[in-house]
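The structure under discussion appears below in the form of structure tokens.
Protein chains: 2
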Amino acid sequence: MNKMIIDYRPIGIIHSTHTNPEKTPIQPVYARDCVGKVEIDIQYLPGLKDIDGFSYIYLLYHLHRVHSVKLTVVPFLDTVERGVFATRAPSRPNPIGLSLVELLRREDNILHVRGVDILDGTPLLDIKPYSSRFEGIESKRNGWQDAIDQSTAEERGRRKFKS
Amino acid sequence: MNKMIIDYRPIGIIHSTHTNPEKTPIQPVYARDCVGKVEIDIQYLPGLKDIDGFSYIYLLYHLHRVHSVKLTVVPFLDTVERGVFATRAPSRPNPIGLSLVELLRREDNILHVRGVDILDGTPLLDIKPYSSRFEGIESKRNGWQDAIDQSTAEERGRRKFKS
């Protein structure tokens, strides 16, 4: 199974104001003021039909600045080492990023979005609509994150980003 | 940008009771009774540390049975053609699947999960913890899905799957 190689190609590019990984917020919730543009290659334009109806969309993207895998990491929100699959840290075996962003509007093949915690120039892999019906879950247990109070999370999550 | 090729390798395999794509529920919410096992390659075991603390996890996987791209599709829940990026249909340019499943328990490198809408033998790409803090959003607009009443969605979403 491990011998299988899966080839993907970018379907577009994400434009944001974040050019420094050290100063990029770690999740959309800490990047509420950050707007950005998702530019989809024009050949895929028909695939964007009806997306305007959704308030939130998932962006799946390739974390192109990641060049090493770490199976345990100290997450930005925490001070203790955790398994990488229990975190959203980028140093994953397959460096796929997932962000739930607010869709403000569409202009042809450009999506204007808010809550962008993504580095400028990141290759886009896929877009999926967020559905309250599928994913509007109130989870009781959020692992190690439950021990981190809101203001600490906010401070650490925004990192050096200032609006 | 489109010339860039991104290579991923499976980190494990998803075991489920779904062997027929025609009878597989389309989302975890329509597969509430379906339990399955996520088997992570033993080399990645350290990456699973602390994942047990989370009630829900995202599975990202390669839709390995998809061999054609369709930019517009009639979603299972609907009767009208929609842009593929406004749906969760599999025939995407990069066939990455995303399911939010309930984590029941872990045994070493095996995760027992519930809400499995995934075909047996599907290659796993990544696991991410679901966080109420990041993704517990009550979306006001769910596009074309808002027009579909709950019982119709339930019936279409479960497809031919019977518990």
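So the sequence lines, in the order shown, correspond to chains A and B.
Count along the first sequence from 1, then add 1163; that gives the number in our numbering.
Count along the second sequence from 1, then add 1163; that gives the number in our numbering.
Glycine included, every Cβ here is placed at the ideal spot set by N, Cα and C.
Asked, Found
"A:Pro-1292 burial status per 10 Å Cβ neighbour count (16 or more: buried)", "buried"
"Within 8 Å of chain D by C-beta, residues of the region 1285-1301 of chain A in sequence order", "The chain labelled as chain D is not found among the protein chains of the depicted structure, namely A and B."
"Chain A residues whose Cβ lies nearer than 8 Å to that of B:Pro-1209", "Leu-1234, Thr-1235, Gly-1246"
"C-beta contact flag for A:Ile-1290 and A:Ile-1214 at 9 Å", "yes"
"Contiguous alpha helix (DSSP H) assignments of at least 4 residues, all confined to the region 1264-1325 of chain B", "1295-1298, 1313-1321"
"Short Cβ contact (9 Å threshold) for A:Pro-1188 with A:Arg-1228", "no"
"9 Å Cβ cutoff met for A:Thr-1315 and A:Leu-1222", "no"
"With 16 other Cβ atoms within 10 Å as the buried cut-off, status of B:Glu-1298", "buried"
"Where B:Asp-1215 sits in the DSSP three-state scheme", "helix"
"Short CB-CB distance (under 9 Å) between B:Arg-1277 and chain A", "no"
"For A:Gly-1175, the three-state DSSP class (helix, strand or coil)", "strand"
"DSSP-derived helix/strand/coil call for B:Glu-1185", "helix"
"A:Ile-1220 in three-state terms, based on DSSP", "strand"
"Assigned exposure category for B:Ile-1177 - 16 Cβ within 10 Å defines buried", "buried"
"Closer than 9 Å to chain B by CB, A:Gly-1199", "no"
"Proximal residues of chain B, C-beta to C-beta of A:Phe-1217 below 8 Å", "Ala-1249, Ser-1302, Arg-1304, Asn-1305, Gly-1306"
"Any chain B beta carbon closer than 9 Å to A:Ser-1326", "Because A:Ser-1326 sits at a pLDDT of 45, beneath the cut-off of 50, its placement in the model cannot be relied upon, and the following sentence gives the value as read from the coordinates. False, the Cβ-Cβ gap to chain B never drops below 9 Å."
"Same chain, Cβ closer than 6 Å to A:Arg-1321, neighbours up to 5 away in sequence not counted", "Pro-1188, Tyr-1193"
"Top-ranked residue by Cα proximity to A:Ile-1174, from A:Ile-1203, A:Glu-1265, A:Gln-1190", "A:Ile-1203"
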